[in-house]
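Report on one structure; see the data block that follows.
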Amino acid sequence: MKIIMLGAPGAGKGTQAQMIADKYDIPHISTGDIFRENVKKGTELGMEAKKYMDHGLLVPDELTVKILLDRVAQADCKNGYVLDGFPRTIPQAEVLDKAITELGEKIDYAINVDVPDENIIRRMSGRRACLACGATYHIEHIPPKKEGICDKCGKELVQRDDDKEETVKNRLDVYHKQTQPLIDFYTKQGVLRTVDGTMDMKDVFTAITTLLA
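The opening position of the sequence shown corresponds to residue 1 in the numbering used here, with each subsequent residue numbered one higher.
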């Protein structure tokens, strides 16, 4: 079972991807993790990718797909995998589609974890973190006992730059421009499945496993 996870930043697709991987005993493959692993091991592909990463450039789609195909060719992927974080754009999807078609394979499902922007903005901008001990909170869902103070170590809680409303809105704008067209792409291929990501995490997972059954 070969699955691609789609969804805006903060939609919870990474969490769902890991839960799917655990349930079906298939690897959860994040492109960021593969890059780091290849660079760490000093592989030929990793060193090639590092040239771009060291200059703050995006790794070209063809190289990313090469690294991805190298990963999915490993023994633990024989029963499938869950891709998280790739493809992000139509050109990436087309390169990936061409590459796996040449291997005589195909993507079985593209699962879109759908959450309205306003929910994501509220979800992410409500996060607070303790830089001293690493504890995390949410002003609505997991508030500290004393506002702005960590329960565990008593230090001040902060809102990370990534979680500020303006940053979240910018990330969502990029997502809609680049990744939203993927929904149309995989709809045309007949593999798109959409779940309501505003539900409780366990209910989202139940909805996904029902679709995969």
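Just so you know, even glycine gets a beta-carbon here, dropped at the ideal spot from N, CA and C.
Give me the Cβ distance between residue i and residue j, rounded to the nearest whole Å; I'm assuming they're in contact under 8 Å.
i, j, result
"Val95", "Glu62", "6 Å"
"Gly197", "Val191", "Not confirmed; about 18 Å, so no contact."
"Asp174", "Ile111", "A small fix is needed here, since residue 174 is Val in this sequence, not Asp. Not quite, the Cβ-Cβ distance comes to about 21 Å (not below 8 Å), so this is no contact."
"Thr179", "Thr89", "7 Å"
"Ile107", "Ile4", "6 Å"
"Phe35", "Ala49", "6 Å"
"Ile29", "Gly80", "Not confirmed; about 10 Å, so no contact."
Is the distance from the Cβ of residue i to the Cβ of residue j below 8 Å?
i, j, result
"Arg193", "Gln159", "no"
"Val227", "Gly7", "Outside the shown range of the chain (1 to 213) lies residue 227, about which nothing can therefore be said."
"Leu83", "Ile67", "no"
"Leu172", "Ile120", "yes"
"Ala99", "Val59", "no"
"Ala93", "Leu182", "yes"
May I ask which residues mark the beginning and end of the beta strand (DSSP E) holding residue i?
i, result
"Lys2", "2 to 6"
"Val195", "192 to 196"
"Asp84", "81 to 84"
Can you name the start and end residues of the alpha helix (DSSP H) that residue i belongs to?
i, result
"His176", "165 to 178"
"Lys202", "201 to 212"
"Val72", "61 to 72"
Return the chain-ordered list of same chain residues with a C-beta closer than 7 Å to the C-beta of residue i, the five sequence neighbours on each side being excluded.
i, result
"Glu140", "Gly126"
In chain order, what are the residue ranges of uninterrupted alpha helix (DSSP H) at least 4 long that sit wholly in the segment 88 to 142? 90 to 102, 117 to 125
Let me know the beta strand (DSSP E) ranges lying completely inside the segment 20 to 45, each 3 residues or longer, listed in chain order. 28 to 30
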